[in-house]
Amino acid sequence: MGAEANSKEFRREDHELDKAFSAVLARLTGGISPAALSMAYLDWACHLAAAPQRQIEIAHGAWHAARRLAERSLHFADPNRGPWDLIKPQANDHRFSKPQWTTQPFNLFAQAFLLGEDWWHKATTGVRGVDPANEAIVDFSLRQLLDVFAPSNFAATNPEVVEKTFQSGGENLVFGWQNWLADLMQVLQPGRASDSTEFVVGKSVATAPGKIVLRNRLMELIQYAPTTDKVRPEPILVVPAWIMKYYILDLSQHNSLVRYLTDHGFTVFMISWRNPGAEDRDIAFDDYRSLGVMAALDTIGQIVPNTRVHAAGYCLGGTLLSITAAAMARDGDDRLRTVTLFAAQTDFTEAGELTLFINESQIAFLEDMMWERGYLDTTQMAGAFQLLRSNDLIWSRVSRDYLLGERAHPSDLMAWNADATRLPYRMHSEYLRKLFLNNDLAEGRYEVEGRPVSLSDIHTPMFVVGTMRDHVAPWKSTYKVHYEVDADVTFVLASGGHNAGIVAPPDEPGHSHQVRTKAADAPYLGPDEWQGSSPRIEGSWWPTWITWLEQQSGTLGPPPRLGTDHSADLGIAPGGYVHT
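Here the sequence shown is numbered in our numbering, starting from 4 and rising by one per residue.
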């Protein structure tokens with residue numbers, strides 16, 4: 004067993020020529036492993052070749068769709084036939100939602116495309132014997148390819164573009180060309196500053212007043228100034244993910260979760276992670292726990308001694324916080340009063356379409372790509388997330404920016420999203436292998452300081468938020484915490500997605516959420532049954548969290564001091580690391 008392990012480690016750490024070749028290949032494939040993609044298609048093709056009845060069904064489906072489309076084409080001007088009588092776009096497909104798409108012949112173009120898309124989906128799924136993961140890869144990759152040819156992506160077949168071209172005398176195409184050139188320059192010059200000065204860190208976003216109270220090689224700890232005369236005794240430590248800048252939780256004044264918490268009498272500490280470079284290639288996943296969460300708790304203990312802490316983690320920061328809480332519980336460290344998770348997974352078996360990029364071949368390919376630079380580049384991470392919502396994040400932008408010649412009005416959330424970060428080689432490799440690929444945390448194999456941790460050791464009350472349209476951490480995946488921990492769990496299902504569902508200020512319309520508390524000794528309720536029976540509340544989930552935190556906190560008292568005796572020269576918020 005030891006020899007086998009050493010052999011695997013040798014193969015992973017040596018063969019530098021192979022790694023260099025994979026790194027070059029990765030530039031051409033956008034970071035997607037050709038071997039993983041080929042094996043998935045081979046699995047599908049071989050099983051389909053051995054399934055004659057399934058082939059007949061697929062062929063019949065193609066003939067039936069073609070016959071219906073031909074018949075519709077002969078009568079496309081018939082006023083008695085309504086739009087979308089052949090096939091309707093799915094609810095989350097907004098490409099053809101404008102009323103212009105109900106006119107002919109554009110409606111026929113759209114239906115022809117949707118029929119083809121539906122046929123390919125049926126052809127690539129339901130083939131007996133195909134591995135479900137390979138089936139999902141084939142279906143997903145073909146959908147990405149088909150999306151390129153959607154009629155909404157071409158000026159002549161997009162009625163919105165045709166209409167605007169006639170109205171503006173072609174001015175929209177000129178503006179679209181200028182937009183394309185500007186984006187091309189941004190790609191060719193990655194370090195080139197954005198033309199937008201509306202959202203600047205420290206001036207218009209990330210402006211909550213505070214002080215840097217700790218700085219190490221991995222993070223800065225911000226303590227925010229109180230905005231009330233009295234505060235709750237228990238401070239809040241927020242652990243954001245390091246795949247994002249922390250200030251998504253401190254955007255503009257009207258949608259800053261930090262300001263909302265301080266305005267309700269809480270002392271808030273925030274970790275601001277440093278953006279790693281090539282010199283940080285060997286930073287481990289556990290370094291984020293020891294130099295991040297644990298170092299922050301030590302400093303908070305100096306500022307607010309003998310007081311337990313409300314800890315909150317967002318996305319990957321929530322996963323890290325769960326590991327930390329389990330290790331602390333194992334070791335008898337009771338400094339955590341509560342644990343809150345925002346769109347964070349602890350079990351990765353149902354992590355949505357993001358898992359399509361996670362298998363041995365793909366991870367090895369990513370490792371080779373990161374080995375050359377020492378980190379995962381920002382474009383690779385952003386590209387993976389964009390593919391999950393390509394219609395909204397890629398092709399809708401192509402249509403709007405380049406064909407209609409428009410630009411979306413900038414927002415603080417868009418500016419934050421463009422402020423991407425890198426991921427160190429070792430940390431990302433460990434994260435993908437131990438959590439995504441092997442699911443070590445959920446299955447009790449994840450080790451901290453040489454010993455395994457178990458989420459079942461967590462007994463502190465938990466507040467867990469999932470978001471309805473989350474493509475990164477699907478809410479049913481975050482819901483699994485119910486049977487992993489031995490604690491009272493208050494679960495919230497919020498409207499919106501991974502980011503917009505979390506940044507949900509109470510004054511902003513359109514938000515809603517469901518909430519329900521399960522006691523530690525109460526019977527388990529499945530996610531579908533939970534969703535069907537839990538009360539729905541119109542409005543943001545933020546007030547619900549504040550009420551829960553107040554119930555878990557002591558009486559109001561004077562605010563603690565700002566910083567420690569050793570933090571006087573560290574500067575003020577937002578600090579220096581947020582600019583790296």
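Cβ atoms here follow ideal geometry from the backbone N, Cα and C, with glycine treated the same way.
What are the partner residues of residue i, as DSSP defines its beta bridges?
i, result
"Leu339", "Val312"
"Gly560", "Val234"
"Gly469", "Leu496"
"Pro455", "Glu450"
"Tyr378", "Pro427"
"Tyr317", "Phe345"
"Met1", "Residue 1 is absent from the structure shown; the chain starts at 4 and stops at 583."
"Val204", "Val208"
"Glu541", "Ser515"
"Leu271", "A small fix is needed here, since residue 271 is Val in this sequence, not Leu. BP columns for Val271 point to Ile239."
"Tyr227", "Gly213"
What is the C-beta distance between residue i and residue j, in whole angstroms, given that I count them as a contact (C-beta under 8 Å)?
i, j, result
"Gly504", "Asp473", "7 Å"
"Gly500", "Thr470", "6 Å"
"Ala228", "Phe272", "Rounded, the Cβ-Cβ distance is 12 Å, inconsistent with contact."
"Arg129", "Leu369", "Note that residue 129 is Gly in the sequence shown, not Arg. Not a contact, Cβ separation roughly 30 Å."
"Ser480", "Glu353", "5 Å"
"Met297", "Thr327", "7 Å"
"Leu319", "Val467", "15 Å between Cβ atoms; not a contact."
"Thr270", "Val234", "5 Å"
"Tyr405", "Ala281", "Their Cβ separation, rounded to whole angstroms, is 34 Å, which puts Tyr405 and Ala281 out of contact at 8 Å."
"Met465", "Ala497", "Rounded, the Cβ-Cβ distance is 16 Å, inconsistent with contact."
Going along the chain, which residues of its own chain have a beta-carbon closer than 6 Å to the beta-carbon of residue i, five neighbours each way excluded?
i, result
"Ser570", "Val216"
"Trp276", "Met222 and Trp245"
"Ala371", "Residue identity check: residue 371 is Asp in the sequence provided, not Ala. Around Asp371: Lys22, Ser25 and Ala26."
"Phe178", "Gly408"
"His291", "Note that residue 291 is Tyr in the sequence shown here, rather than His. Closer than 6 Å at Cβ, skipping near neighbours: Leu323."
"Phe99", "Pro92 and Ala113"
"Phe351", "Leu438, Phe439 and Asn442"
Any idea what DSSP makes of residue i, helix, strand or coil?
i, result
"Lys214", "strand"
"Gln93", "coil"
"Ser399", "helix"
"Ile286", "coil"
"Val296", "helix"
"Val484", "helix"
"His516", "strand"
"Ser41", "helix"
"Gln527", "Checking the displayed sequence, the identity of residue 527 turns out to be Tyr instead of Gln. Tyr527: coil per DSSP, three-state reduction."
"Ile239", "strand"
"Lys248", "coil"
"Ile575", "strand"
"Thr581", "The sequence shown places Val at residue 581, not Thr. Reduced to three states, the DSSP call for Val581 is helix."
"Lys437", "helix"
"Lys521", "strand"
"Ile505", "coil"
"His67", "helix"
"Phe368", "helix"
"Ile306", "helix"
"Asn83", "coil"
"Asp460", "helix"
"Pro101", "Here residue 101 is Lys; the residue named in the question, Pro, does not match the sequence. DSSP places Lys101 in coil when its eight states are reduced to three."
"Leu444", "coil"
Leaving out five residues on either side along the sequence, give the residues of the same chain with a beta carbon under 7 Å from the beta carbon of residue i.
i, result
"Ala287", "Arg429, Met430 and Glu433"
"Asp142", "His124, Thr127 and Thr128"
"Lys248", "Trp419, Asp422, Thr424 and Val581"
"Ile90", "Gln114, Leu117, Leu118 and Asp121"
"Asp510", "His257"
Please work out which residues of its chain come closer than 8 Å, Cβ to Cβ, to residue i, disregarding the five sequence neighbours upstream and downstream, and give them in chain order.
i, result
"Arg564", "Ile306"
"Arg539", "Ser515, His516 and Gln517"
"Gly542", "Pro509, His514, Ser515 and His516"
"Arg338", "Leu300, Gly304, Arg311, Val312 and Met331"
"Arg131", "His50, Ala54 and Arg57"
"Glu363", "Leu440"
"Pro308", "none"
| said: Extract the residue ranges of the alpha helix (DSSP H) inside the segment 135-164, only unbroken runs of 4 or more that lie entirely within it. | reply: 135-151
| At which residue ranges does the segment 107-131 contain complete alpha helix (DSSP H) runs of 4 or more residues, listed in the order of the chain? | 109-127
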